[in-house]
Every structure is written in C-alpha cells, then in structure tokens.
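S.K.: Going down the list, the protein sequences come from chains B and C. Taking this note's numbering, I'd label the letters of the first sequence as residues 422 to 929. Taking this note's numbering, I'd label the letters of the second sequence as residues 90 to 572. Just so it is clear, CB atoms sit at the ideal spot from N, CA and C, and this is done for glycine as well. All figures in this text were calculated on a predicted structure; none of them were measured in a lab.
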Amino acid sequence: MSAPIGILTLVTFLPAAGALVLLLVPRRAETALRAGGLAVALATFALSVPLHLRFDVASADYQFEEFAAWIPSLGIGYHVGIDGISLLLVLLTTFLTPIALASAWHAIEDRTKEFVAVMLVLETGMLGVFVSLDLFLFYVFWEAMLIPMYLVIGVWGGGHRIYAAVKFVLYTMVGSVLMLVAILALYYQHGAAIGTYTFDLPTVARWVIPPGRSQTLMFLAFALAFAIKVPLFPLHTWLPDAHVEAPTAGSIILAGVLLKMGTYGFLRFCLPLFPDASLVFGPLMFALAVIGIVYGAWVSTVQPDLKKLVAYSSVSHLGFVMLGIFTLNVQGLVGGVLQMVNHGISTGALFLMVGMIYERRHTRLIAQFGGLWKVVPAFSALFLVVVLSSLGLPGLNGFVGEFLILVGAFQVDRVLAAIATTGIIFAAVYLLWMYQRVVFGEVTHEENRRLLDLTPREWALVVPLVLLIVWIGVYPTTFTAPTQATLEALIMQVQTKAGVLATAASVP
Amino acid sequence: VNAVAAPPVALGALAPVLIVIGTAVAVLLLDLIPSRGKAHLAIAALAGLVAALFTTIAAWGGTVRAFRDMVVLDNYALFFHVVVCYAAALVVLLSVDYLRRAGAESGEYYALVLLSSSGMLLLAAANDLIVVFLAIELMSLSLYVLSGLFKRRREAGEASMKYFLLGVFASAFLLYGIALVYGATGATNFDRVAAAVAAQPRDPLLVAGLALILVGFGFKISSVPFHMWAPDVYEGAPSSVTALIATGSKAAVFAALIRFVVAGVRPAQPDWTALLWVLAVLTMTVGNVVAIAQGNLKRMLAYSSIAHVGYMLVGVVAGGAAGAGAVLFYLLAYTFTTAGTFGTITLCERAGVEAVQVGDYAGLGRRHPTLALALALFLLSLVGIPPLAGFVGKFYLFGAAVRAGFVGLAVIAVLNSAVAAYYYLRVIVAMYMQEPEGAPIVLAPSFAGGLALTIAVVGVVLLGVMPAPFADLAQAAVAPLLR
C-alpha cells in the first residue's frame, strides 16, 4: 500500500478532472476546448508511460497498488492496482484517447464542449475498469462508462444513432445487472465461508469456490456480461449498429478499448474466480470463438459499407482473443492478450482512416471509391500498412498475436484450431478485396479526383499507430514481457484451484 | 392491583410534529395580513421545516416513548423525520414560483403542505395502529385537497376525486384490518400485537386482519394491484404536490409498514414474506412494463415510482437489519432523486403550458445545458447508474435480498432495472438527441426552484459517491426495531 494519491489514481482521474475544468471554458471557445481536451489526454498518456517503465516484469503480483476504505461496513474499498494484463490495456487506453479526440478535430463541430467532456469522462471510466481490484469499484466503473459511450453514439452519431445507442445500452445493461447479482452472491458466499465479508478481488480470489451449481451460475452471469461486451457470437448484433452509427472517435474507442473490457473481464474474473466452471464451459467458449472468427470473416466479405466491414472484422478478431484465452495455456493466453492490444491499434487505425475518407466524401460505400492510389497516395500507402496489419502479415503486429493464439489452440483442439486458421485466410480475402476496390484501378467517380491527401494533423494521428504496428510486429517482447509472469500465475491458479494436474506448459 | 397512574404527557416525542403544525397555523394567520405576494409564507413554512429538521437532528440517539407507547421517537422515526423534512422543504422551494406562474398561489397551500407533512412525521413515529390510522388520515386529507389545487383543469378534479375515493376506500380496509387485529389480540399497540402474534401466529382472525392492513398500506404506497390511482393523481396534481405524494407520503407509509411488519408481526414472518414476495414482483414488473408505453412524463414517472415501490418491497421481503436499512437508504436516495425530477418539470414550459410530454423535452440539452444535466443525473439515478444515489440504493436492496437467500427475487429485480433503463433513457434521448418540432421548451427562471434542484443534485451525487455515512445512519435507525 502506497501513498494516499498514487500514480494510478492520478492517471485514472486526470481525464475526468480535466473534463470538469473544461466545463468552465466558454462554449464558443471551441478551439481552446479541443486543444484543452487533447492536452489533458496527452498528459494522461505521458503520466501512464512510467507505469510501463517502472513495471517489474518478473513479478506476477499487482503493482502500484493503492487502497483506501470506502464503505467499510460492507468491506468495500477503493483498491486499485495493475498487473501485466491491465498494464497493456491502460496504456492502450491512454494512447488511443488522444488520437480519438484529435480525429474529431473537424468532424465534430456540434456541441464541442460536451463532446470533449464526455470523451474524457469515458476515458476515466475505461481506465477505472482496468485498474479496479475491488468488485464493487469495478462494477461502478463498468456501468458508469456506459453512459458516456451512449451519448457519444447517440448525440454525435449517424442517421440511426438513437436506435444504435439504445440498443448498445440495453444489451450491455442486461448482461451487467446479472453480473451484479453474481457479485453479491459471491460476496455473501465468500463471507459465509471465510468469515470476512469483502469485495476485495485479491482476497476473494484466494478462496477456492466449491464446484457446483452456484459456481456455474455465477460464472454464467459474469460470462454473459463479458461475452456481450466482447462481443462473442451470437451476442454480437449490437456491435455493427453501434459502430456504423458512432462518430469516428467513438468507433476508435469502442473497437480499441471497450471491446477489450469484455475479454479483460474473462481474464480478470471468470478464470481465477470460477476455475471449475471455466474448464467446464471452456469447450463451449472455444467453439463460440471459432464460430465468431469464421462468421465474422464471412459476413465482412459481403459488406458494402467500409465501417460495417471493419465492425464485423472485429467480431472475427475478438474471436481470436477469446480462442486464445480459453486455450488456458501460456502461448494462447500471451497471444490473446497481445491480440487485444493489436486489435485496438489496427482496428482503431482502420476506423480512423475510414473516418478520414468519410470526412472527404461523406460516404463509406466501397462502391463509391476506386483508384484512390492515384489521388491520395500517402493515405493509400498508410492504409495498406494498416490493412496488412489487421490481416496478420508477418512482420506486423497482427501476425504475432494470431500465431501465438493458434499455437496454443492447436494443443487443445486440432480441428477447431484448423477451422479458426481459415479465419486468417478469409481476413486476407475481405480486407485485400476491399483495399483493391477502394484503392486500385482507375478513378471511377469524378468526385474522388479532387480528394486531398493527408493533412499534417492526420499524419500525426496515423504515424504513431503505424510505428506501433511495426514495433509490435518486429519486437513484441516489449509488450509480451510484462504479461508473461502474470499469465503463468493465472494458469497456475486456475489449475491448482480446479484440482487439475498442471499439464506441462512450455514457454515460447 | 396498582392505582392507575395518570399517563405522563411527554410532548417531547411530538416536538417535530408540533413545530410543523404550529408553523401551519402561523402560516394561515400570516395569510390574513394583506400583502403583495405569498413568498413570505413560503419562507415561514421553510423556517418551520428547518426548525423541525434541527429538532430532529438534536434528538438523534435518544428514544422517547410517550402516550403509553403509542408514539415512539427513536432513531428509526428520526431518520424518516429527516427524509420527510427534506422532501417537504424541497417541495416548498419548488412551489414558490411554480404556483405564481400557474396563478394558484395561496396561503392555504403552504399550510396544507405543512399539515400533510406533520401527518407524515407522526406516521413515522407511530407505534400503535390507531396512531397509524390518525396519521395517515392527517396526511392524506391534506393531499386530497392539494392534488385538486388547479381547480380549473379537468385533470385536477379527476385526480382529487379519484385520490379521495380510493384513499378513503383504502382507509376503510386499514380500519377494518385494525379492528380484526384488535379483536384477535385485544391490542392495537405494536409491541402487544407482537406478543400476541408470537403466541398464536396462525389465528385466522389475526391473519385476515394483517392482510387487510397490508391492503391499506398497499394502496397508500401504490403497490400493484392497488396502484390504479397513482398515474391519474400524479398527472392531474400540480407537479410540486406530485413530488410530495411520491416522496414524503411514500416514505412515511413505508415507515409505518416496516415498523409494523418487522417489529409488530415478525413472528408470522413466513406468511407475509410470501405475500410480499408476490407483491414486490408484481409491483416492479407492472410498473416498469406499463411505464414503457407512457408518453406523458408525469404518468411515466408515476409508473416508475410504482416500480420503485416494488424494489423497496424487495428490501422488506429480505427483512432483518440489512433489508430494512436498505429500504431506509433507498427512500432517502429516492426522495432526492424524485423531488429533483418533478422539480425539473415545474421549471419547464412549452408554448405557455407546463412541459409534461416526453417530446416536449426535445432540445433541452442544447437550450438549457445545466438544467438538462441535472435532469439527466436524476434519471440516471433512477435507472441505477453508478456512482449515483439510486445505484447504491439498489445495491443495498438487492444485496440484502441475496443475503437473505432471495436470489431469484434479486434477479427479477435487476432485470426490471434493465427494462426501466429503456424508458428513462427515452427522456435523455429527447433532451440530447432530438430537436424540437414547433415551439421549443423554455425555462421559467426561479431562484427557489434552482436552489431546490441544487440541493437535490448534491444529494444524488453525495449519496452515490459517499454512501457509507448515510448507510450507517440507516442501519443505526433500524437497530431499535430489531431488538
């Protein structure tokens, strides 16, 4: 336990505090509001980088822990801390938020003040989810961040934004309220068994829940909440609506960070708390993940709308993450966590660049484009890198994650893993075919001849993403090293708890 | 055997009630002095409520029994006194400019609000079925009049008439139940009823009496199937009065209900638990499902308040210190939230009339961002989004249910909250995501109303972020009941 206000608290609440300050800025000073919001987001990122530099990669414990009593009579504390998994996701969040904010520089001109404030509050909500080590605190952040996202989609979204926003909230709510009951049940069962009533996650996680009906039900309640967020097939139907209607900034955050909250939940809660149920339902999750991979890829192929294509590709890519998690071996899990980061970066970049051409042409239909290379070569080149990263070209980030996941998956179920591998092939089909129709060939529409190439602001947005794509592709150790110890400890925990003899897991 | 001692008259137990009644009389007298406006009456009423609030806070911790245990001023009663005083004070603040704009300003209004509040205060301290009946009548008679205040509107007449007829009907049930209980036990005092119930929990006369009393309470808190009056009354009554009906009166009746079932008839627990379980499920489900179909905001809130009664019944079913304490906390949270919601309605007009349709609120987020933000906070608190008061309240309620083993009930309740999200969000959709067709909504500026809303916002946020002290108070309040 460290000082009352530690670095994690600062990182988490700086955006919300910045949002409060920005509320004092007059509404007309739009540029000042945008710049202020960006400055707050960048400061948050700068503040979060030392988390990685000072992170002890050899330790599987929570680090930078902070604790303060909150509702002591119920054993609720403000307990935050990060391990290797949350470290990466915190960095991903602080990295993507400034990009999302800056991407909206010209795209969002209506109610700028509210937009900047809502985005910053959203960042605090997301960071809170990743750093919480108290079940109550986690739930507070988990539910609270629904509202800013709802507003981003519903206020600044496209034509069917209201439908999409309400669908997003209701889907997520149904899952998460059941999780609330499961949290309460877990609290009372743990308290009755151990004698101390607490929502503290590390304390509760030390307790071995007896296998049986109640563990199964609690697992299912947690899993439903997380599976909706991931989204795992067949709970994905809110995602295409939300993505298509959300503004570019919203899509970047939604794909980049929000979906990771689901997979993170599986890692942080389902596996360590309910090991028996996780093993029992593992094959089902495995199968649903593979269905999601293939289904998402197939549906992407036939989408006429760029954003919808990227949205369905998320279903496919998140399927890979789920596949990796439920392999329950080191390769699969390390790959899964890395793939969470990869998807955040690649898909975030895809949405960003789709947003850029949407701002120029006000259409996202693939058929409206063609021959862009001749008009906007710089855009096209960077878009190519991003597309290749998303489809898993060796040397770029996507390859590393998917490769590790498949290595892990082949140890579990060869047939399903083989089917999952086709997902990579289909990814190449839908992405390259899309790229070909948009960029290659002759200019088919006169309007496209006058398109402007990337502005300096847009360069500044895309280049960091591309650098990371290459960095992870060439030297993934920077990002996998912190997760290794954490994930090995996680596997140990699941297996000891479940009473299964630890199968020799070789480290890659 | 012993000489009959003259009962000691301990007026201390009635101090808050007497202060409020005294203020009511003073307001009526002040009204006789000719003056330009009526604002000074509101200030007088407010002063009386604040004085009662301070008396209450000063009395915290002690237990005063008076009139042969017919009235007990313990922490439990004091907690409800605080809730009622807050609710009444917020209502007075909201009324000042609202009534002037409606042309219905009158001295009797404030006197009636105070008289009704004194009934609520008495109800919270009642430890005897006769006092319960008296207090309910004192509270309700004033409310019947208040709900017909806008007498030129047809809805007001309907509201007042309906509220009166059904209220009297409920009182008759209550009284008949009291009579049966008296017949079975020979007592109306809660403690003596408890002793008799412990001796003979399955006496048919007693069970019938308890059932009728529950019906009477059910009417007053508008639980399904006794809720029919609520939407019409909420719609027809002035919004400030609706706020009082939805918060103060509900809290007071819950006070009596919980004291009765927890302290009075605890020995017959399995019977009424099963009954209340069904009532809770029916109440929240019907309330939420019907609320979805409402286009009128006040009617929607009426059905939503029915649903919230269902959630609170979950706490009553859970029972024990955790369940009862959760209901108390929820009532406090609900009072701030609901008074705030209705308060916002009193400030909004469209095309010269009060904005009561959900569609009227289109574009409020653009025209009046601060007011829209306040209303959004209240609505989100009603949905149960953290970190706002409503979420913590639900957390305590459903936690108590899970703890007592009613996991199924908790699941039904949380699914209901998810359903409720839909219709509350519709208002937010209107405020932030739609543009008005025709005349836009306008804000009727009001210092007092703004003050009331500020208090409510602070309450909603404070109870959500720092719930621990208030939850501890609620726990301390229910401790005397469970001895």
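1. Going by the DSSP bridge assignment, what does Asn-85/C pair with across the sheet?
2. How many Å lie between Gly-246/C and Gly-208/C at the Cα?
3. So the candidates are Ile-395/C, Thr-424/C, Ala-148/C, Ser-229/C; which of them puts its Cα closest to the Cα of Tyr-252/C?
4. Say whether the stretch 531-551 of chain C touches the stretch 474-489 of chain C, bearing in mind that this needs 3 or more beta-carbon pairs closer than 8 Å, one atom from each stretch.
5. To test your reading of the DSSP string, which unbroken alpha helix (DSSP H) runs of 4 or more residues are found completely within the stretch 468-549 of chain B?
6. For the beta strand (DSSP E) that contains Val-531/C, what are its first and last residues?
7. Terminal residues of the continuous beta strand (DSSP E) containing Val-623/C?
8. Among the residues of its own chain, which have a CB less than 7 Å from the CB of Phe-640/B, if the five just before and after it don't count?
9. Grab the span of the alpha helix (DSSP H) containing Arg-781/B for me, first residue to last.
10. Could you check the C-alpha separation between Val-432/B and Leu-510/B for me, to the nearest Å?
11. Verify whether the separation of the beta carbon atoms of Thr-336/C and Leu-179/C is less than 9 Å.
12. Are the C-beta atoms of Gly-575/B and some chain C residue less than 9 Å apart?
13. Figure out for me which residue from Ser-195/C, Pro-327/C, Ser-236/C, Trp-149/C has the closest Cα to the Cα of Ser-124/C.
14. Is the CB-CB distance between Ala-352/C and Ala-407/C below 9 Å?
15. Which residues of chain B have a Cβ atom closer than 7 Å to the Cβ of Pro-476/C, listed in chain order?
16. If you compare alpha carbons, which of Gln-484/B, His-527/B, Val-665/B, Thr-748/B is closest to Pro-725/B?
17. Please go through the stretch 777-856 of chain B and give each complete alpha helix (DSSP H) segment of 4 or more residues, from N-terminal end onward.
18. Between the alpha carbons of Ile-384/B and Lys-729/B, how many angstroms are there, rounded?
19. Going by alpha carbons, who is nearest to Ala-259/C out of Val-106/C, Gly-150/C, Val-304/C, Met-250/C?
20. Measuring CA to CA, which of Ala-428/C, Ala-396/C, Gly-256/C, Ser-394/C is closest to Gly-539/C?
21. With a threshold of 16 other CB atoms inside 10 Å of the CB of Arg-634/B, please say whether the residue is buried or exposed.
22. If you scan the stretch 584-638 of chain B from start to end, which runs of the alpha helix (DSSP H) of 4 or more residues do you find wholly inside it?
23. Give every residue of the same chain whose Cβ lies closer than 6 Å to the Cβ of Ala-642/B, excluding the five residues on either side of it in the sequence, and list them in chain order.
24. If you draw a straight line from the C-alpha of Asp-874/B to the C-alpha of Leu-462/C, how long is it?
25. For chain B, find out if any of its Cβ atoms is closer than 9 Å to the Cβ of Val-531/C; answer yes or no.
26. Would you kindly report the start and end of the unbroken alpha helix (DSSP H) that includes Glu-197/C?
27. Which residues bound the beta strand (DSSP E) around Leu-162/C?
28. From the beta carbon of Pro-458/C, is the nearest beta carbon of chain B less than 9 Å away?
29. Scan the stretch 610-638 of chain B for residues whose Cβ lies nearer than 7 Å to a Cβ of chain C and list them as they occur along the chain.
30. Does the structure place the stretch 866-884 of chain B close enough to the stretch 799-811 of chain B that three or more beta carbon pairs sit under 8 Å?
31. Return no unless some Cβ of chain C is closer than 9 Å to the Cβ of Val-742/B.
32. In this structure, does DSSP put Asp-874/B in helix, strand or coil?
33. In angstroms, rounded to a whole number, what distance separates the CA positions of Tyr-851/B and Ser-721/B?
34. Using the beta-carbon of each residue, which ones in chain C are nearer than 8 Å to Arg-582/B?
35. Taking the straight line between their C-alpha atoms, what separation do you get for Ser-423/B and Gln-484/B?
36. Give me the subset of the stretch 480-505 of chain C whose CB atoms are less than 8 Å from a CB atom of chain B, sorted by chain position.
M.R.: Looking at the coordinates:
1. As shown, chain C starts at 90 and ends at 572. That puts residue 85/C outside it, with no answer to give.
2. Taking the straight line from one Cα to the other gives about 23 Å.
3. Of the listed residues, the one whose Cα sits closest to Tyr-252/C is Ser-229/C.
4. Touching, per the Cβ criterion.
5. Along the length of the stretch 468-549 of chain B, whole alpha helix (DSSP H) runs at least 4 residues long occupy 505-524, reported in chain order.
6. Annotation for Val-531/C: the continuous beta strand (DSSP E) segment containing it runs 530-532.
7. There is simply no residue 623/C to check, as chain C begins at 90 and stops at 572 in what is shown.
8. Hits under 7 Å: Cys-691, Phe-695, Ala-698, Ser-699, Phe-702.
9. It spans 751-782 - the alpha helix (DSSP H) in which Arg-781/B sits, taken as one unbroken run.
10. Those two C-alpha atoms are separated by around 13 Å.
11. Taking 9 Å as the Cβ cut-off, Thr-336/C and Leu-179/C qualify as a contacting pair.
12. Answer yes: the Cβ-Cβ gap between Gly-575/B and chain C drops below 9 Å somewhere.
13. Nearest option by C-alpha distance: Ser-195/C.
14. Cβ atoms of Ala-352/C and Ala-407/C: not closer than 9 Å.
15. Near Pro-476/C (Cβ distances below 7 Å), the residues of chain B are Val-561, Ala-565.
16. Pro-725/B has its Cα closest to that of Val-665/B, out of Gln-484/B, His-527/B, Val-665/B, Thr-748/B.
17. Fully enclosed alpha helix (DSSP H) runs of 4 or longer: 793-796, 798-812, 818-833.
18. No information on residue 384/B is available, as it lies outside the stretch 422 to 929 that chain B covers here.
19. Check the Cα spacing between Ala-259/C and each of Val-106/C, Gly-150/C, Val-304/C, Met-250/C: the tightest is with Val-304/C.
20. If we check each option's Cα against that of Gly-539/C, Ala-428/C comes out closest.
21. Arg-634/B is exposed by the Cβ-count criterion.
22. Entirely contained in the stretch 584-638 of chain B, the alpha helix (DSSP H) runs reaching 4 residues are, in chain order, 622-627.
23. Correct list, in chain order: Leu-599, Met-600, Ala-603.
24. Approximately 40 Å between the Cα atoms of the pair.
25. By this cut-off, Val-531/C is not an interface position.
26. Element bounds for Glu-197/C: 196-214.
27. Its beta strand (DSSP E) spans residues 160-162.
28. So yes, Pro-458/C belongs to the interface.
29. Those residues of the stretch 610-638 of chain B that come within reach of chain C (Cβ to Cβ, closer than 7 Å) do not exist; the list is empty.
30. Remark: three or more beta-carbon pairs, one from each stretch, lie closer than 8 Å, so the stretch 799-811 of chain B and the stretch 866-884 of chain B are flagged as touching.
31. For Val-742/B, no Cβ of chain C is located within less than 9 Å of the residue's own Cβ.
32. Asp-874/B falls in the coil class under three-state DSSP.
33. Distance between Tyr-851/B and Ser-721/B, taken at the CA atoms: about 6 Å.
34. By Cβ distance, chain C contributes Met-522.
35. A caution first: Ser-423/B carries a pLDDT of 44, below 50, which makes its placement in the model too unreliable to give a value.
36. The residues in question are Phe-480, Phe-484, Phe-487, Gly-488, Val-491, Arg-492, Val-496, Ala-499, Val-500, Val-503, Leu-504.
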